[in-house]
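Asker:
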């Protein structure tokens with residue numbers, strides 16, 4: 002995932018807070034949330050522990066800020082990918098093209114929200130809630146795209162599940178082709194609903 006969210010981060014936050022979030026994001030995504038302690042973050046960010054705790058009162062607060070940062074990156078990049086398409090149907094499939102590019106990047110480690118939920122949900126209801134909110138937002142977005150393209154909300158849910166499954170499977174297996182396979186499955190679902198719609202009109 003690229004960093005189109007950086008500009009948003011720097012515009013909406015002070016530089017010190019932004020640098021801490023960026024350092025934490027890189028460390029957490031590469032090594033995991035539990036494995037990265039405050040001392041490692043101090044070293045990466047170049048900010049003293051005292052200053053870190055002044056900006057963020059707890060590690061949980063930093064994790065939540067990182068998840069907000071990642072959510073905005075996701076929203077911005079998906080919107081950019083969709084804007085390149087010339088039809089509602091093409092926008093539905095563009096998510097898989099976006100995922101294909103992300104999966105092929107050397108830094109790909111899966112969905113940060115799934116990672117955070119898996120590591121921290123049992124001890125941090127706030128992290129669990131933030132991860133759930135991100136997934137609900139993506140679900141609503143895919144439902145909206147489906148309706149705009151003349152399909153059902155349920156189809157949007159199905160397409161969202163394909164995208165989510167592709168992220169998890171690609172992260173675990175290292176097989177970046179999961180995005181292309183999910184795209185082909187999505188095309189089949191679109192074709193099936195289009196055929197049903199045509200049959201209902203005859």
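In this note's numbering, the protein residues as written are 2 to 203. Backbone N, C-alpha and C fix where the C-beta goes; we use that ideal spot for every residue, glycine too.
1. Got a sec, what are the start and stop residues for the alpha helix (DSSP H) residue 77 sits in?
2. Measuring alpha carbon to alpha carbon, tell me which residue in 54, 103, 28 and 93 is nearest residue 157.
3. Can you check which of these residues, 26, 78, 80 and 16, is closest to residue 62 by C-alpha distance?
4. So, are the CB atoms of residue 120 and residue 33 less than 9 Å apart?
5. Within its chain, find whatever has a CB closer than 7 Å to the CB of residue 161; leave out the 5 residues flanking it on each side and keep chain order.
6. Can you check whether the CB of residue 133 is closer than 9 Å to the CB of residue 118?
7. Tell me whether the region 67-79 and the region 162-176 touch, counting them as touching only if at least three CB pairs, one residue from each stretch, are closer than 8 Å.
8. One question on the structure: do residue 53 and residue 41 come within less than 9 Å of each other, judged by their Cβ atoms?
9. Within this structure, are the beta carbons of residue 48 and residue 113 separated by less than 9 Å?
10. Span of the alpha helix (DSSP H) holding residue 148?
11. Given a cut-off of 9 Å, decide if residue 19 and residue 45 are closer than it, judged by their beta-carbon atoms.
12. Assuming residue 15 is part of the alpha helix (DSSP H), what are its boundary residues?
13. Which of the three DSSP states is assigned to residue 118 in this structure?
14. Grouping DSSP H, G and I as helix and E and B as strand, with all else coil, what is residue 200?
15. Measuring straight from C-alpha to C-alpha, what distance separates residue 175 and residue 104?
16. Please classify residue 173 as buried or exposed, where buried requires at least 16 other C-beta atoms within 10 Å of its C-beta.
17. Using the rule of at least 16 other Cβ atoms within 10 Å of the residue's Cβ for burial, across every protein chain shown, is residue 159 buried or exposed?
18. To the nearest angstrom, how far is the alpha carbon of residue 38 from that of residue 100?
19. Below 8 Å on the Cβ atoms is my guess for residue 128 versus residue 64; work out the distance and round it to an integer in Å.
Answerer: From the atom records:
1. Segment 60-84, the alpha helix (DSSP H) holding residue 77.
2. The option with the nearest alpha carbon to residue 157 is 93.
3. The option with the nearest alpha carbon to residue 62 is 26.
4. The beta carbons of residue 120 and residue 33 sit closer together than 9 Å.
5. Cβ within range, chain order: 139, 140 and 143.
6. Going by beta carbons, residue 118 and residue 133 fall inside the 9 Å limit.
7. The count of Cβ pairs closer than 8 Å, one atom from the region 67-79 and one from the region 162-176, stays below three, leaving the stretches out of contact.
8. Taking 9 Å as the cut-off, the beta carbon of residue 53 is found no closer than this to the beta carbon of residue 41.
9. The criterion of a C-beta distance shorter than 9 Å is not satisfied by residue 48 and residue 113.
10. For residue 148, the enclosing alpha helix (DSSP H) starts and ends at 126-149.
11. Contact flag unset, no.
12. In the DSSP assignment, residue 15 falls outside any alpha helix (DSSP H), carrying neither H nor E.
13. Residue state, collapsed to three classes: helix.
14. Secondary structure of residue 200 (DSSP, three-state): helix.
15. Distance from the CA atom of residue 175 to the CA atom of residue 104, rounded to whole angstroms, is 8 Å.
16. That one is exposed.
17. Taking all protein chains shown into account, residue 159 has 16 or more neighbouring C-beta atoms within 10 Å of its C-beta and is therefore buried.
18. Their backbone Cα atoms lie some 30 Å apart in a straight line.
19. Their Cβ separation, rounded to whole angstroms, is 6 Å, which keeps residue 128 and residue 64 in contact under 8 Å.
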